[in-house]
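What follows is a single structure, written as structure tokens, with notes after it.
Protein chains: 2
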Amino acid sequence: MDESLEQAALRELREETGITQIFLEQLFTFGDVDRDPRDRVVTVAYYALIDLNAHQLKATTDASDAAWFPVAKLPPLAFDHDKILTVALKRLKGKLRYEPIGFELLPKKFTLSQLQHLYETVLEETLDKRNFRKKILSMELLIDLNETEKNVSHRAAKLYQFDEQKYAQLKEQGFNFEL
Amino acid sequence: MDESLEQAALRELREETGITQIFLEQLFTFGDVDRDPRDRVVTVAYYALIDLNAHQLKATTDASDAAWFPVAKLPPLAFDHDKILTVALKRLKGKLRYEPIGFELLPKKFTLSQLQHLYETVLEETLDKRNFRKKILSMELLIDLNETEKNVSHRAAKLYQFDEQKYAQLKEQGFNFEL
DNA sequence: GATGTATAGTGTGAAAACTACACTAACTAG
DNA sequence: CTAGTTAGTGTAGTTTTCACACTATACATC
Numbered sequence: 055m056d057e058s059l060e061q062a063a064l065r066e067l068r069e070e071t072g073i074t075q076i077f078l079e080q081l082f083t084f085g086d087v088d089r090d091p092r093d094r095v096v097t098v099a100y101y102a103l104i105d106l107n108a109h110q111l112k113a114t115t116d117a118s119d120a121a122w123f124p125v126a127k128l129p130p131l132a133f134d135h136d137k138i139l140t141v142a143l144k145r146l147k148g149k150l151r152y153e154p155i156g157f158e159l160l161p162k163k164f165t166l167s168q169l170q171h172l173y174e175t176v177l178e179e180t181l182d183k184r185n186f187r188k189k190i191l192s193m194e195l196l197i198d199l200n201e202t203e204k205n206v207s208h209r210a211a212k213l214y215q216f217d218e219q220k221y222a223q224l225k226e227q228g229f230n231f232e233l
Numbered sequence: 055m056d057e058s059l060e061q062a063a064l065r066e067l068r069e070e071t072g073i074t075q076i077f078l079e080q081l082f083t084f085g086d087v088d089r090d091p092r093d094r095v096v097t098v099a100y101y102a103l104i105d106l107n108a109h110q111l112k113a114t115t116d117a118s119d120a121a122w123f124p125v126a127k128l129p130p131l132a133f134d135h136d137k138i139l140t141v142a143l144k145r146l147k148g149k150l151r152y153e154p155i156g157f158e159l160l161p162k163k164f165t166l167s168q169l170q171h172l173y174e175t176v177l178e179e180t181l182d183k184r185n186f187r188k189k190i191l192s193m194e195l196l197i198d199l200n201e202t203e204k205n206v207s208h209r210a211a212k213l214y215q216f217d218e219q220k221y222a223q224l225k226e227q228g229f230n231f232e233l
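Line by line, the protein sequences are chains A and B. Going from the first sequence to the numbering used here is simple: count from 1 and add 54. Going from the second sequence to the numbering used here is simple: count from 1 and add 54.
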């Protein structure tokens with residue numbers, strides 16, 4: 055009774071996985087009559103985006119078996135939860151082009167190849183390397199960290215960081231991210 | 055207990071205004087703690103788009119004073135309903151460019167000027183007449199009805215209709231509406 | 001230390017899309 | 001028949017998009 059929907063979503067996520075301080079957004083509210091055969095249940099679904107490498111899962115109270123699964127190899131889900139996931143993936147794909155949410159899925163420091171690979175995976179299409187780099191760099195939303203990858207057995211790539219401040223500022227002036 | 059959220063939204067709209075058979079979509083679910091000072095209320099909001107001229111309001115059971123109001127001249131709204139409306143307008147503005155929802159707000163038969171005027175109103179910017187026509191016609195989603203306006207005191211404009219079938223078909227092939 | 005292997009990083013030209021811009025056409029009212 | 005109102009149309013310059021292939025750098029291995 056004393057927390058908002060978003061607060062509740064954040065709390066549940068924390069309780070079940072230990073994850074905090076991430077991008078979280080309302081997805082959709084599912085309210086069909088027979089979703090759960092036992093009872094009438096309305097679900098306000100939220101989705102989170104997260105850099106998987108930076109977050110260890112610590113299953114705590116509710117779920118003792120929280121774990122990562124590739125989208126293509128999910129275990130069976132309860133009720134209509136596969137439908138919820140489908141809606142979430144569609145939302146991610148739809149939003150990736152028009153909002154800089156891809157960065158939520160990468161480490162703070164990332165290479166352009168990592169970013170491109172992320173886009174290719176989510177959008178399910180290949181992108182031209184030169185054109186991709188040209189476009190993303192021309193937005194001037196990436197900070198060149200003057201650092202390179204470590205521990206790779208080939209030419210090390212430069213590391214970049216997303217400039218959130220500048221994006222917030224440009225957005226106020228009517229700028230639209232589009233990739 | 056026996057109707058989905060969407061069914062409930064459609065029923066409420068019908069009961070309060072007599073309006074049926076229109077575009078209706080879930081907007082957002084509002085669940086802050088103190089939205090309604092009397093009680094904890096979670097609202098799953100839906101928004102509808104409608105050709106105002108084609109629908110007479112028939113206030114029936116619940117609300118005896120259903121009426122049209124210009125967005126800029128609304129009466130005071132209860133609770134956080136102004137916030138809900140703001141979210142709805144933002145959604146409309148955001149969606150207008152990428153989905154052909156503008157047609158929901160016009161009569162079935164409309165002129166290009168009407169369509170342009172609608173876009174200009176919602177987007178709050180002026181558009182060039184020639185460029186607008188070029189672009190919308192190049193999508194080949196409008197059916198030329200070979201009819202003209204009636205009862206206007208100037209040159210009568212041609213009437214068009216949105217080709218929903220063709221759009222559905224193109225969409226499956228990966229076409230994206232954008233204006 | 002030479003060679004192989006893997007990924008990083010870079011430029012150009014053709015085609016397409018976008019933008020800015022002003023006049024004539026058609027109809028009605030008076 | 002004239003005035004007033006909106007419909008309807010084309011072009012040239014600029015920008016953006018797209019397709020495309022080679023060199024650079026780092027490490028591993030022999």
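All C-beta atoms in this analysis are idealised placements derived from N, C-alpha and C, irrespective of residue type, glycine included.
For residue i, the nearest candidate out of the options (CA to CA)
| i | options | result |
| --- | --- | --- |
| Leu81(A) | Glu203(A), Val95(A), Gln110(A), Leu139(A) | Leu139(A) |
| Thr74(B) | Asp105(B), Glu174(B), Phe229(B), Phe216(B) | Asp105(B) |
| Val1(B) | Glu60(A), Glu178(A), Leu177(A) | Residue 1(B) cannot be examined here, being either before or after the span of chain B that is shown, 55 to 233. |
| Ala62(A) | Asp90(A), Val98(A), Leu224(A), Arg94(A) | Val98(A) |
| Lys112(A) | Glu70(A), Glu79(A), Ala126(A) | Glu70(A) |
| Leu67(A) | Ala211(A), Ala108(A), Ala120(A) | Ala120(A) |
| Lys212(B) | Glu203(B), Arg65(B), Ser192(B) | Glu203(B) |
| Leu160(B) | Leu150(B), Tyr152(B), Glu153(B), Leu172(B) | Leu172(B) |
| Leu224(A) | Asp56(A), Met193(A), Gly72(A), Leu169(A) | Met193(A) |
| Tyr214(B) | Leu128(B), Trp122(B), Ser167(B) | Ser167(B) |
| Asn200(A) | Lys127(A), Thr165(A), His135(A) | Thr165(A) |
| Ile197(A) | Leu64(A), Lys188(A), Phe216(A), Phe186(A) | Phe216(A) |
| Glu153(A) | Met55(A), Tyr100(A), Leu233(A), Ala108(A) | Leu233(A) |
| Asn185(B) | Glu178(B), Val176(B), Thr175(B), Gln170(B) | Gln170(B) |
| Arg89(B) | Asp136(B), Lys144(B), Ala142(B) | Asp136(B) |
| Lys162(B) | Ile76(B), Ser207(B), Trp122(B) | Ile76(B) |
| Arg145(A) | Glu79(A), Gly228(A), Ser58(A), Glu218(A) | Glu79(A) |
| Asn107(B) | Val95(B), Ser207(B), Trp122(B) | Trp122(B) |
| Ser58(A) | Pro124(B), Leu143(B), Leu64(B), Thr83(B) | Thr83(B) |
| Asp93(A) | Phe133(A), Leu103(A), Gly72(A), Gln110(A) | Phe133(A) |
| Val176(A) | Leu191(A), Glu158(A), Leu150(A), Lys188(A) | Leu150(A) |
| Leu103(A) | Pro130(A), Ala142(A), Asp56(A), Glu179(A) | Ala142(A) |
Sheet register partners of residue i (DSSP bridge)
| i | result |
| --- | --- |
| Asp64(B) | At residue 64(B) the sequence reads Leu, which differs from the Asp that was named. Leu64(B) is not bridged to any residue. |
| Lys212(B) | Thr202(B) |
| Asp93(A) | Asp90(A) |
Residue range of the unbroken alpha helix (DSSP H) whose run includes residue i
| i | result |
| --- | --- |
| Ala222(A) | 218-226 |
Host beta strand (DSSP E) of residue i (start-end)
| i | result |
| --- | --- |
| Phe82(A) | 77-84 |
| Ile197(A) | 196-202 |
| Leu103(B) | 97-103 |
C-beta neighbour in chain B for residue i, strict 8 Å
| i | result |
| --- | --- |
| Leu67(A) | no |
| Gln80(A) | yes |
| Thr83(A) | yes |
| Arg94(A) | yes |
| Asp134(A) | no |
| Met193(A) | no |
| Asp56(A) | yes |
| Leu143(A) | no |
| Leu59(A) | yes |
Proximity test, Cβ basis, 8 Å: residue i and chain A
| i | result |
| --- | --- |
| Pro226(B) | Per the sequence presented here, residue 226(B) reads as Glu, with Pro not at that position. Not one chain A Cβ lies under 8 Å of Glu226(B). |
| Val98(B) | yes |
| Asp86(B) | yes |
| Leu139(B) | no |
**Item:** 4 or more residues per run - each alpha helix (DSSP H) lying fully within the region 109-182 of chain B
**Value:** The region 109-182 of chain B contains these whole alpha helix (DSSP H) runs: 135-150, 166-177.
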